[in-house]
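For the record, in the sequence shown the residue sitting at position 172 is 159 according to the numbering used here, with numbers rising by one throughout.
Virtual Cβ for every residue (Gly too), placed ideally from N, Cα, C.
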Amino acid sequence: MLQEYFSKKYIRTTIMEISTFIARVIVDYYHIKRPLLVFLDDSDDVKYQFGNLVAPLVDLAYPNWLIFFREETEIENFFNDIYIPFDCTFMISKVNNQDNETINAEIIWEAYQIDRGKELRSGIFAKWNSETGIQLPKYSLYQRRNNLYGHQLRVTSIEDPPSSILVRNEVNEIIGLKGFFGGVIDLLKEGMNCT
């Protein structure tokens, strides 16, 4: 059904095993503009192959990912040893039979981590059912992920470039940053909860 839907929208699709993807496609998949890679189940074999064979070899943020989970599969457990980068679009589709408002609907979650080793974050990306169709998010990727939960960003400035003014104390130690770049950093600290 998914392949037929994409075909009607003139979106090229192909179905292959993960081993075939690794052997034949992985070196050339950057020639495909933002491919959508779909896993049709969440079996232990798929988890192993993705986590140990695919994830270490590809830039996970380049393609879009979609995996179909069984109702009992927990997002945190599936990704417990797989790093999903902050700028990666990794979607998880699960049937929802809990909430009366969305009963018998597919809830499409998105998952990511702010940094390697940090807590996996997830949130609802979209809702879909056969009656109303799909309800996509109103906000862009970075608008949805607007909180870095206190994560520290490390930045550097090379010899006082014109758009930056280094603030120094009486012993010539750098204590702050002003100018355009300093303003950007201040906005990031305030708006994204980072230091």
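CA nearest to the CA of residue i, picked from the options
| i | options | result |
| --- | --- | --- |
| Tyr35 | Asp68, Gln122 and His18 | Asp68 |
| Phe26 | Lys20, Asn51 and Ala10 | Asn51 |
| Ser150 | Gly104, Arg108, Asp31 and Phe167 | Phe167 |
| Ile(-2) | Asp74, Leu24 and Thr7 | Leu24 |
| Ile94 | Asp32, Ser127, Arg21 and Phe56 | Phe56 |
| Gly178 | Gln(-10), Asn134 and Ile13 | Asn134 |
| Asp102 | Asn84, Leu174 and Leu140 | Leu140 |
| Ile183 | Ile5, Asp29 and Thr0 | What is shown of the chain runs -12 to 182, which leaves residue 183 out entirely. |
| Gly104 | Glu59, Arg11, Tyr70 and Met3 | Tyr70 |
| Lys81 | Thr60, Gly137, His138 and Asp74 | Thr60 |
| Tyr129 | Val171, Thr76 and Ile2 | Thr76 |
| Ile5 | Lys(-4), Gln(-10), Gly38 and Phe(-7) | Gly38 |
| Asn116 | Asn84, Tyr136, Ser127 and Gln100 | Asn84 |
| Lys125 | Lys114, Glu118 and Thr119 | Lys114 |
| Met78 | Gly120, Asp28, Val158 and Phe(-7) | Asp28 |
| Phe112 | Gln100, Trp96, Ser127 and Thr119 | Trp96 |
Coarse secondary structure for residue i, derived from DSSP in three states
| i | result |
| --- | --- |
| Tyr(-8) | helix |
| Gly163 | strand |
| Ala10 | helix |
| Phe73 | coil |
| Glu177 | helix |
| Leu40 | helix |
| Ile2 | coil |
| Gly104 | coil |
| Val171 | helix |
Where the alpha helix (DSSP H) containing residue i begins and where it ends
| i | result |
| --- | --- |
| Met78 | Element bounds for Met78: not the alpha helix (DSSP H) but the beta strand (DSSP E), Thr76 to Asn83. |
| Glu93 | From DSSP, Glu93 is part of no alpha helix (DSSP H) but of the beta strand (DSSP E) over Ala92 to Gln100. |
| Arg131 | Leu128 to Arg131 |
Continuous beta strand (DSSP E) stretch holding residue i: start and end
| i | result |
| --- | --- |
| Ile152 | Ser151 to Arg155 |
| Phe212 | Only positions -12 to 182 of the chain appear in the structure, and residue 212 is not among them; the question remains open. |
| Gly110 | Leu107 to Asn116 |
| Leu123 | Premise fails: Leu123 is in no beta strand (DSSP E) and is neither H nor E. |
| Leu53 | Asn51 to Phe55 |
Beta-carbon separation (whole angstroms), residue i vs residue j, contact threshold 8 Å
| i | j | result |
| --- | --- | --- |
| Ile62 | Ala98 | 6 Å |
| Pro72 | Ala48 | 5 Å |
| Phe66 | Leu123 | Their Cβ separation, rounded to whole angstroms, is 23 Å, which puts Phe66 and Leu123 out of contact at 8 Å. |
| Ile13 | Val45 | 6 Å |
| Leu153 | Ile161 | 5 Å |
| Gly110 | Arg131 | 7 Å |
Report the residue ranges of all alpha helix (DSSP H) runs contained in full by the segment 12 to 38; include only those spanning at least 4 residues, in chain order.
Segments of the alpha helix (DSSP H) lying fully in the segment 12 to 38: 31 to 36.
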